[in-house]
Structures are given as C-alpha cells and as structure tokens.
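Okay, structure first, notes after.
Numbering (my numbering), first residue to last: 67 to 223.
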C-alpha cells in the first residue's frame, strides 16, 4: 500500500524529513512513529458568527465538518482545502493549505499540507471587480515546494 501511495503522491517521499522535524518540535517520542493513515477526519469548531453575544449568553454553536485527503474516493482523488490558525507576533493569523494526507502519530491527529497563498487578481479581472481573491501554490524555491506536517487541531475547515 505504501508504494502505491508514493506512486500517486510523490510529495510524500519528503515525509520522513518533515516528520522528524515535526516530532522534535512537538516532543513526540521516536518510539511512537507508527502512523495510521486516514482517508477523512471530522473537525469540530465554533464559527465566529455562532459565538455567544451579551453577558447572559454562554451557549455556542458547534459545527462539524468532514475533511478528506485521499487519492481514491470513488474513482477520483479528493483533497480538501482548509484554513489553519496560528499566532505570529502575538496576533492571530490564518494560512491556507490543501490536505494531502491525514494520519495519527502517537495519538496525535496530523496532516500533511501543501501551503497556498492568497493572491489578489489583476485589476482588469472580473474577480477583482467583485473583491474576490484566489489561492495559488506556494513555491518557495526549496526542495520541499511548500509541504509541511501540522496538527489537526490547528485546522479550521
């Protein structure tokens, strides 16, 4: 199965190096390096519009969202696009990525993502007129071409 997956998704050849860095950064034991690959995951989040308003409101609305990262769903690949939240310089920031692999490592839900950047279309494009943006691949010139391993908890679908 692993060889077939590498044939379909050659970017996973860089997974051992990315996984080593991820384990060091998140203090995951080298003895828990057995990964269990998943085709989908369910994320639970509280969207901004559902937060309680006012002093007496303490209820939240939870939203469940299924995300997929599989080379074969039916007869086609299905790789979802997601938003990740993080903090840079004390400010909350959003990044965007395409899920390429979902897995569990040492009890921690993880994902291999392909980073995307938000771009503003040219002024003569109809998307610009309506205030739309689009996402494109991050090509940082490095050998890994914008792939990384992240914790599932940082993903907000």
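Ideal Cβ placement from N, Cα and C applies to all residues, glycine included.
All values reported here derive from a predicted model rather than from experimental measurement.
- Residue 107 and residue 139 have their alpha carbons spaced roughly 14 angstroms apart.
- Around the beta carbon of residue 176, 16 or more other beta carbons sit within 10 angstroms, so the residue counts as buried.
- Look at the beta carbons and you see the segment 84 to 94 not touching the segment 158 to 165: under three pairs across the two are nearer than 8 angstroms.
- Excluding five sequence positions before and after residue 202, the CB atoms of its chain that fall closer than 8 angstroms to its own CB belong to 182, 183, 185, given in chain order.
- Residue 79 is not a Cβ neighbour of residue 69, given a cutoff of 8 angstroms.
- Residue 180 holds the alpha-carbon nearest to the alpha-carbon of residue 212 among 102, 75, 180.
- With respect to the 8 angstroms criterion, residue 167 and residue 133 are not classified as neighbours on the basis of their beta carbons.
- Counting the other Cβ atoms within 10 Å of the Cβ of residue 221 gives 16 or more, which makes it buried.
- Taking a C-beta distance under 8 angstroms as the contact criterion, residue 102 and residue 170 qualify as a contact pair.
- Taken in chain order, the unbroken stretches of alpha helix (DSSP H) that lie wholly in the segment 69 to 101 and span 4 residues or more are 81 to 91.
- Per DSSP, residue 218 lies in no beta strand (DSSP E) and is assigned neither H nor E.
- Per the coordinates, the alpha-carbon of residue 216 lies some 25 angstroms from the alpha-carbon of residue 142.
- Sixteen is the threshold: since fewer than 16 other Cβ atoms of the shown chains lie within 10 Å of the Cβ of residue 199, the residue is exposed.
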